[in-house]
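Step one of this worksheet: look at the structure below.
Number of protein chains: 2
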Amino acid sequence: MSLPYTLLITPLPADAPDDGSWFTETFTEVEASEPALRVSELSTQRGDGVFETLSVVNGHAQEVQPHLARLARSAEICDLPAPNLAQWSAAISQAVARIPSQGELAIKLVLSRGVEHGPSPTAWLHASAASDFSPVRQSGVRAITLDRGYDRGVAERAPWLLLGAKTLSYAVNMAALREAHRRGADDTIFVTSDGYVMEGPTSSVIIRHGDVFSTPAPSGAILHGTTQRSLFNYLERHGHAVSYRDISIEELRTADAVWLVSSVRLAVAVIELDGVQMPVDAPLTELFTEYLLSPRD
Amino acid sequence: MSLPYTLLITPLPADAPDDGSWFTETFTEVEASEPALRVSELSTQRGDGVFETLSVVNGHAQEVQPHLARLARSAEICDLPAPNLAQWSAAISQAVARIPSQGELAIKLVLSRGVEHGPSPTAWLHASAASDFSPVRQSGVRAITLDRGYDRGVAERAPWLLLGAKTLSYAVNMAALREAHRRGADDTIFVTSDGYVMEGPTSSVIIRHGDVFSTPAPSGAILHGTTQRSLFNYLERHGHAVSYRDISIEELRTADAVWLVSSVRLAVAVIELDGVQMPVDAPLTELFTEYLLSPRD
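Quick note, the sequences are listed as chains A and B, same order. Using the UniProt record's numbering, read the first sequence as starting at 1 and increasing by one per residue. Using the UniProt record's numbering, read the second sequence as starting at 1 and increasing by one per residue.
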């Protein structure tokens, strides 16, 4: 089967029986070049839905359960019906069986609120070849910091802002990347209006000071990154100290190393921050890449 | 032709000749029940695009030019190619000629960044019957104030937040309406984290103190409402004072009347704010409705 590969999914209630064998009846393969969605889809009209992107490396879907758990968490924050994770898992398995078993691919899972005034959510899975990120894993990225407009306490105060949910409303994230390119950089690190590190538009931030690795506390204002968690487990297994905490912009600037980590691009070193060169930990970045490319569950 | 009515549009460059007669070749009518969009559409993957919703009353499309001007402004803020407004205008004319010439309808215009890695934006028009808003125009709405998480100066400081553009990333707007329903209300008025009135999730706010009508200054942090502007013109023609200015939550609470105004629901009185009854100006609300239902350009 060639890429891209698209599967429309009729979402089942979370408590539908976990047999697995009949889930395939709820899947419909469609040609990626063919229209599959109606214009009254709320995903397209309102960015109203949630998603996950996971990596498939040489036929192994990475971190399926953490991604599905986050999909369920995002759905909960957005008052969407709880997804049937066994059904989603079966959809991923079917896709992995159909797509090339070599190389790096990306699978996107989308759960939309459905057609306007419609009875139920719509859902689909879309698998495509990953871009070739080998060069950027080697050479790193130049990043800028951008004010996300929120202060550090906003998530607790205003849950309707849906911070912590991976929604389809990513226009600001995309605009922040365009702003980086406009300034001659490659990527962005969002900071709060009161000066604390949040996350990248499509990545988590990890910093190293000495032998301590830190990432912003998942207070609800940022997404809890699956790749970041996987790397922290790896680091802990190898005897390193890891810490979730508030990180000021100043601490970011004075870090011994900074990485942006995400499911498909994996770990990339920040080699320049707001135009100032940053120290780079090349051996560790290489270890990270090697680990992240190995089969992970 | 029955509703809904959908027209796919191949967007032309802004400077394509303004002949009008051949624009129809760039329009394709599609059945609303049929899929028309690919899953790799960035509108659906990222909420990455802009839109307008305008009203059609008894066969007359209301305020077409102001809506198209705002579409162009939104596209500019989002770094989308400038839309060809003559083409969009022709699309609206074609739709109006095809849909019922009686009653109230809504036309949505969508300009999406297009298919991922694709060459150009995608665009469509979708016409549907408007909900029956007569009851709510009579009885008004109960509203709550919700913190939008931004301070008053954010738009100048952080243009990448796309405030002032009508993007498809409306998940937060929809969540704010759900929060209102959860609290037993009908609608929301967003306020800044430093206590100033912004706008509703799908409407503008107008308040009256004595004979002065005010709306929050369109500083870039809010959408400049087409219906609000139309009403201000109407009020000025009738000798009333209108003012664009910063409005504190306290001023909202002590107003002699508050309206939420939007293109399709039109002007609805706020009869209760955060659980407290508000004074209602029923005669003026009726005049507003009468004016807003009359043909406007």
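All residues carry an ideal CB built from backbone N, CA and C; glycine is no exception.
Item                                                                                                                                       : Value
Cβ distance (whole Å) where T167 of chain A is taken to contact C78 of chain A below 8 Å                                                   : 6 Å
Residue of B:V50, B:D246, B:M278 minimising C-alpha distance to R152 of chain B                                                            : B:D246
Status (buried if at least 16 other CB within 10 Å, exposed otherwise) for T44 of chain B                                                  : buried
Helix, strand or coil at A127 of chain B [DSSP, three-state]                                                                               : strand
Presumed contact (8 Å Cβ cut-off) between A14 of chain B and N84 of chain B, rounded CB distance                                           : 5 Å
S219 of chain B at chain A interface by Cβ criterion, 8 Å                                                                                  : no
Minimum length 3: unbroken beta strand (DSSP E) runs contained in the segment 151-236 of chain A                                           : 187-191, 204-209, 212-216
I189 of chain A beta carbon less than 8 Å from that of V172 of chain A                                                                     : no
For A61 of chain A, the residue or residues it bridges with in DSSP                                                                        : A:V56
Cα-Cα separation between G275 of chain B and W124 of chain A, rounded to whole angstroms                                                   : 41 Å
Contact under 8 Å by Cβ, M198 of chain A with R46 of chain B                                                                               : no
Secondary structure of Q277 of chain A, DSSP reduced to three states                                                                       : strand
Proximity winner among A:V261, A:V57, A:P17, relative to S203 of chain A (alpha-carbon distances)                                          : A:V261
Buried or exposed by the 16-neighbour rule on C-beta atoms within 10 Å, applied to S21 of chain B                                          : exposed
Listed by chain order, chain A residues near A32 of chain B by CB distance under 8 Å                                                       : R38, V39, S40
Contact list for the segment 159-176 of chain B against chain A, Cβ threshold 7 Å                                                          : W160, L161, L162, T167, L168, S169, Y170, A171, V172, M174, A175, A176
Identity of the residues DSSP links to W259 of chain A by a beta bridge                                                                    : A:I206, A:A269
Limits of the beta strand (DSSP E) - the one that V141 of chain A falls within                                                             : 141-147
Below-8 Å beta-carbon distance, D79 of chain A vs any chain B residue                                                                      : yes
Residue 342 of chain B to S230 of chain A span [Cα, whole Å]                                                                               : Here chain B covers residues 1 to 297 and nothing more, so residue 342 of chain B does not appear.
For A14 of chain B, three-class secondary structure by DSSP                                                                                : coil
Beta-carbon neighbours of D151 of chain B, restricted to chain A and to distances below 9 Å                                                : G149, D151, S193
Proximity of L12 of chain B and S112 of chain B at Cβ, strictly below 8 Å                                                                  : no
Contacts around A116 of chain A, its chain only, beta-carbon distance under 7 Å, and the 5 residues preceding and following it disregarded : The question names Ala, but residue 116 of chain A is Glu in the sequence shown. Only S40, L42, Q45 meet the Cβ criterion.
Cα-Cα separation, L109 of chain B to T6 of chain B                                                                                         : 10 Å
Presumed contact (8 Å Cβ cut-off) between S89 of chain A and L68 of chain A, rounded CB distance                                           : 6 Å
Rounded distance between the beta-carbons of A221 of chain A and A155 of chain A, thought under 8 Å                                        : 4 Å
Identified DSSP bridge partners for L111 of chain B                                                                                        : B:V50, B:A123
Near-chain A residues of the segment 43-62 of chain B (beta-carbon distance less than 9 Å), N- to C-terminal order                         : S43, T44, Q45, R46, G47, D48, G49, V50, F51
Selection of the segment 122-150 of chain B by Cβ proximity to chain A, strictly under 7 Å                                                 : W124, H126, L146, D147, G149, Y150
G239 of chain A to Y196 of chain A span [Cα, whole Å]                                                                                      : 27 Å
Under 8 Å between C-beta atoms of S150 of chain B and T192 of chain B                                                                      : Strictly speaking, residue 150 of chain B in this sequence is Tyr, with Ser absent from that position. Yes, these two residues count as a Cβ contact at 8 Å.
Assigned secondary structure, T254 of chain B (DSSP; H/G/I helix, E/B strand, else coil)                                                   : coil
Host alpha helix (DSSP H) of R98 of chain A (start-end)                                                                                    : 85-98
Contacts of T6 of chain A in chain B (Cβ-Cβ under 7 Å)                                                                                     : V39
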